[in-house]
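4 protein chains.
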Amino acid sequence: METEIIEKERVKLKDGVLITGLPGIGLIGQVVGRYLTQELKAKKVATLYSHHFPHQVFMTKKGSMRLIKNSIYHYPAKGADLLILVGDVQAMSSVGQYEVAEKILEYSRKVGIKKIMTVGGYSTGKITEKKRIFAVATHKRMLEKFKKFGVVFGEAKGSIVGIAGLLPALGKLRGFEGICLMGETHGGYVDAVSARNIVKLIADYFGITIDLKKLDAKAKDSEKMLKKIEEEIQKSMIAPYESPKGVSYIR
Amino acid sequence: METEIIEKERVKLKDGVLITGLPGIGLIGQVVGRYLTQELKAKKVATLYSHHFPHQVFMTKKGSMRLIKNSIYHYPAKGADLLILVGDVQAMSSVGQYEVAEKILEYSRKVGIKKIMTVGGYSTGKITEKKRIFAVATHKRMLEKFKKFGVVFGEAKGSIVGIAGLLPALGKLRGFEGICLMGETHGGYVDAVSARNIVKLIADYFGITIDLKKLDAKAKDSEKMLKKIEEEIQKSMIAPYESPKGVSYIR
Amino acid sequence: METEIIEKERVKLKDGVLITGLPGIGLIGQVVGRYLTQELKAKKVATLYSHHFPHQVFMTKKGSMRLIKNSIYHYPAKGADLLILVGDVQAMSSVGQYEVAEKILEYSRKVGIKKIMTVGGYSTGKITEKKRIFAVATHKRMLEKFKKFGVVFGEAKGSIVGIAGLLPALGKLRGFEGICLMGETHGGYVDAVSARNIVKLIADYFGITIDLKKLDAKAKDSEKMLKKIEEEIQKSMIAPYESPKGVSYIR
Amino acid sequence: METEIIEKERVKLKDGVLITGLPGIGLIGQVVGRYLTQELKAKKVATLYSHHFPHQVFMTKKGSMRLIKNSIYHYPAKGADLLILVGDVQAMSSVGQYEVAEKILEYSRKVGIKKIMTVGGYSTGKITEKKRIFAVATHKRMLEKFKKFGVVFGEAKGSIVGIAGLLPALGKLRGFEGICLMGETHGGYVDAVSARNIVKLIADYFGITIDLKKLDAKAKDSEKMLKKIEEEIQKSMIAPYESPKGVSYIR
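Chains as they are written, first to last, in this note's numbering: chain X, 10 to 260; chain L, 10 to 260; chain H, 10 to 260; chain R, 10 to 260.
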């Protein structure tokens, strides 16, 4: 098995909702995911590892190391039992992306997730004052609920690349309801404003009280972290001991 | 399993024929496939999903989303029970192409398909007045039947890339009869004339009455749709949040 | 299963020898393989198909089609029961190469093959009058036998790429004896002289009478055939309906 | 199964330690690994082959051939029963790297390995007089032990690419303790001084007497060997019989 989820703690949710925030357009997903887990002091319950992630490990300041991974946190909100998935990267190939998505869905079913809510950015290439939240949903019912919160359906065009799209769309086939929330953004920089809008929406939707003041600082922190990850991952694409002709077989 | 066919409705055909029309040379396959399903009001009976398709989903105008897929429609013609397979894309790698073909054959056997008829274009690089229909067939019997309809055998040279060739050729190994019909075309543009010839051939061969007048409009529509799909699929090959050195791990 | 060998006729050999002649340096392997099967009128007993071959089919002059494949022929020589493997291509990736080799070994064991003899070229970059036959063998015993026929051991340096090396080396792990015969050659053109030397060696070694006169003509024929195959295979690496930005998802 | 470990001799270790020395930054891992096995006259007990290694075989001076591989040697030190893994290459893809690592861990568990110690280089881009040994460890206990030997924890930053990182990090998930020792080095050349430091550390740690005088000569030898391997492996990325357009299907 090339992707596995290792449970730290077995959870059993009632009508659980999985929220995912992974790297993507404007870093909105990742900023939202990290902010939620940190501010809500959500509890880590599982870790996802995949052979489709880069073949390298990160060194920690304390002299330890860790695999590249995605992590799943639990937070019992008033409105629903939430799992929040965050992580360093998404899988490196189409086959890997689908496999990781299937594995997340398998785990989700096991622990009682019923709805899947992914967070991403919607790149307009423009800088706008008002940043709307666009979305697509798998079921009418869910669409109607989010419309009441001002979420805009039917205006985002084109396609969603990666887990933010695959998870709800594959999830529909496997019996889940799903929605992908997309913060309107330029696309060329980390958008803390758009991320804040989505955090607020999620808080309102689930009846969570969350302080939004630290979001700007946290977004900068997320950006810095991701830049480092990015630089490191480039190393697995270059041979450390390069031959004159640039053969890359020595990892 | 990395490719799956999900049945909406179980069909049981008697001497069924599977016709495939997927994107390819001159878009002839796709135009023919879409025209047949739409004009004949064929009924959708199954959907094929594959981990070898791009890892992205399309957003719909109604605020919903859908995976990249191939779809299978059913139309009971006078001459034979037809299934028509159409779709957004073909698999992205050799291994994926073979796997998808095997899965289609497995499904075909299960529902009673006996013959496989794929539709593609044969690129000559020239603009000709008369557009012939070339073909290759797996069995003499089938070749003889189609010759009577003016189809030209033994003149097309070289190879057929993708599902249009793999499906009948692999199908032969699995006990099916097969033919690949190729509309003569320039290769550099969408060829509605060549597509119309093949629709007419299929209609005549199976005793179907079909109005050919809307084909030009539909071909333009197919072209537009494909251009959009094309643009979107390029996105899964570029990182949305690009690093200065262009690392593409963030999907 | 991504590679399969379909038997046309079940053979049961006693101390059988498998000879392989596939495309490679100086086309020597392929010329030798094809010449042996044609001149000896060897009987086709099995066909190997693989998902690791290009995803395309060849059209025949008679209006039929065939998958890309390797073929196995049987010829009962005086000295030993021979199987000869020839084909269009080798697998397209490392994983594919190993898989195809393992499948050939599995089949070989089943039908009673004990020794594996692959044929290739050894490129010197020089044009030499006298073209030696170099070789490496898995067992001392085999090495000694071939030395008596003038085959040179211990002078060829470096590595052997593809099935010509993998098959005997992997074969050793699976209980076979093996040798790779390499005709000395320039490397930049099809070398009929070097191929003839190897055909003669094989004939002498197994006590086969074979007319060598037609070899030059046949070598030219092999070259022509391979050039065509080459041109066709390039097509599976280019999209037939290319987008302006060159996306290649339409096969 | 695409990666396999073939045992030459079954070992059963008590609190065994696996040391790996494979090609990487400054060639430090490989020099250390080869020096240890040769100077300690360690006994070869197993060989690892993988479909994720290049599809080629090396020719030997004696006219034999061998697959690309990793080898495992056994040396019963005073302080612990050691296995030393050395080899030509690391796997060619992320999926391959993870698979090979998992296979090594599976074997390790079977034979009684408890701790995993990988050796690599830490590239600073600078030439320094004093070459420290940096490390990251999976458990506090191990970190503390190595600190006493002057090993520096918490200063190396970034990530470790390949087996040197994957093996201890994945190993932690599978119940092993692990450490990655990294010799400080420039990164642009083979660093025998840094390698010697690590050999000395390992000798001291396990109470092994080992002569360090030959290390310079052996490092040069390792470098020469690797350059050859490098040159050869490039061949599997180029077609031996190249078409004008550079198609690479003929391996």
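Every residue gets a Cβ at the ideal spot worked out from N, C-alpha and C, and that includes glycine.
Q) Are at least three pairs of beta-carbons, each pair with one atom in the stretch 78–90 of chain H and one in the stretch 213–232 of chain L, less than 8 Å apart? A) no
Q: Determine, using beta carbons only, whether S203 (chain R) and G35 (chain R) come nearer to each other than 8 Å.
A: yes
Q: Report yes or no: do the stretch 156–168 of chain H and the stretch 131–145 of chain H share at least 3 C-beta pairs separated by less than 8 Å?
A: yes
Q. Pick from L:K244, L:E240, L:K181 and L:L22: whose alpha carbon is nearest that of K119 (chain L)?
A. L:L22
Q. Where does R19 (chain H) land, buried or exposed, given buried means 16+ other C-beta within 10 angstroms?
A. exposed
Q) Is there a Cβ from chain X that is less than 8 Å from the Cβ of H64 (chain L)? A) yes
Q: Report the rounded CA-to-CA distance for G187 (chain X) versus G105 (chain L), giving the unit in angstroms.
A: 28 Å
Q. Counting contacts by CB-CB distance shorter than 8 Å, is D24 (chain L) in contact with chain X?
A. no
Q: Take every Cβ of the stretch 59–77 of chain H, pair it with every Cβ of the stretch 91–109 of chain H, and state whether three or more of those distances are shorter than 8 Å.
A: yes
Q. By DSSP, does L175 (chain R) sit in helix, in strand, or in coil?
A. helix
Q. When burial is assigned at 16 or more other CB atoms within 10 Å of the CB, is G184 (chain H) buried or exposed?
A. exposed
Q | Completely contained alpha helix (DSSP H) runs for the stretch 80–147 of chain H, where each covers 4 or more residues | A | 103–120
Q.
For K112 (chain X), count the other beta carbons within 10 Å of its own beta carbon; 16 or more makes it buried, fewer makes it exposed. Which is it?
A. buried
Q. When the Cβ atoms of the stretch 143–162 of chain X are set against those of the stretch 62–80 of chain L, are three or more pairs found closer than 8 Å?
A. yes
Q: Just the C-alpha distance for V41 (chain H) and F67 (chain L), rounded to the nearest angstrom, thanks.
A: 52 Å
**Q.** Close-in-space but distant-in-sequence residues of the same chain around Y116 (chain X) (CB under 6 Å, 5 per side omitted)
**A.** I14
Q. So is R260 (chain X) in contact with chain R if we call contact Cβ pairs under 8 Å?
A. Residue confidence for R260 (chain X) is low, a pLDDT of 30 falling below 50, so the modelled location carries little weight; the figure read from the coordinates is stated next. It does: the Cβ of R260 (chain X) has a partner Cβ on chain R nearer than 8 Å.
Q: Would you check if the distance between the CB atom of G25 (chain H) and the CB atom of G121 (chain H) is smaller than 8 Å?
A: yes
Q | Simplified DSSP assignment, three categories, for Y58 (chain L) | A | strand
Q. Going by DSSP, what residues sit across from G187 (chain R) in a beta bridge?
A. R:I125
Q: Confirm, please, whether the CB-CB distance from M126 (chain X) to L31 (chain X) is below 8 Å.
A: no
Q.
Residues of chain X with CB closer than 9 Å to the CB of G134 (chain R), please, in chain order.
A. Simply none; closest approach about 12 Å.
Q: Would you grab the beta carbon distance between R205 (chain X) and L176 (chain X) for me? Rounded to a whole angstrom, and I think it's under 8 Å.
A: At roughly 23 Å, the Cβ-Cβ gap does not stay under 8 Å, so R205 (chain X) and L176 (chain X) are not in contact.
Q: Within its chain, find whatever has a CB closer than 7 Å to the CB of P253 (chain H); leave out the 5 residues flanking it on each side and keep chain order.
A: Caution applies to P253 (chain H), whose pLDDT of 34 falls short of 50 and renders its modelled position unreliable; the model cannot decide the point.
Q) Cβ atoms of G174 (chain H) and I37 (chain H): under 8 Å apart, would you say? A) no
Q: Would you mind giving the Cβ-Cβ distance between L179 (chain X) and A110 (chain X), rounded to the nearest angstrom? I have them listed as a contact below 8 Å.
A: 5 Å
Q. Taking just the CA atoms, how far does D213 (chain H) sit from R150 (chain H)?
A. 18 Å
Q. Going by the beta-carbon positions, is the gap between I93 (chain R) and L45 (chain R) smaller than 8 Å?
A. yes
Q | Which of helix, strand or coil DSSP assigns to F67 (chain X) | A | strand
Q) Can you find a CB in chain X that lies within less than 8 Å of the CB of R19 (chain L)? A) no
Q | Where the beta strand (DSSP E) through T12 (chain X) begins and ends | A | T12 to E16
(Q) Taking the beta carbon of D220 (chain R) as the centre, do at least 16 other beta carbons fall within 10 Å, making it buried, or is it exposed? (A) exposed
Q.
Can you give me the C-alpha to C-alpha distance between F155 (chain H) and F155 (chain L), rounded to a whole angstrom?
A. 56 Å
Q) Using a Cβ cut-off of 8 Å, which residues of the stretch 112–139 of chain R contact any Cβ in chain H, in chain order? A) none
(Q) Can you look up V161 (chain X) in the DSSP assignment and give me helix, strand or coil? (A) strand
Q. If we ignore side chains and look at the alpha-carbon of each, how far apart do S245 (chain R) and G171 (chain R) end up?
A. 21 Å
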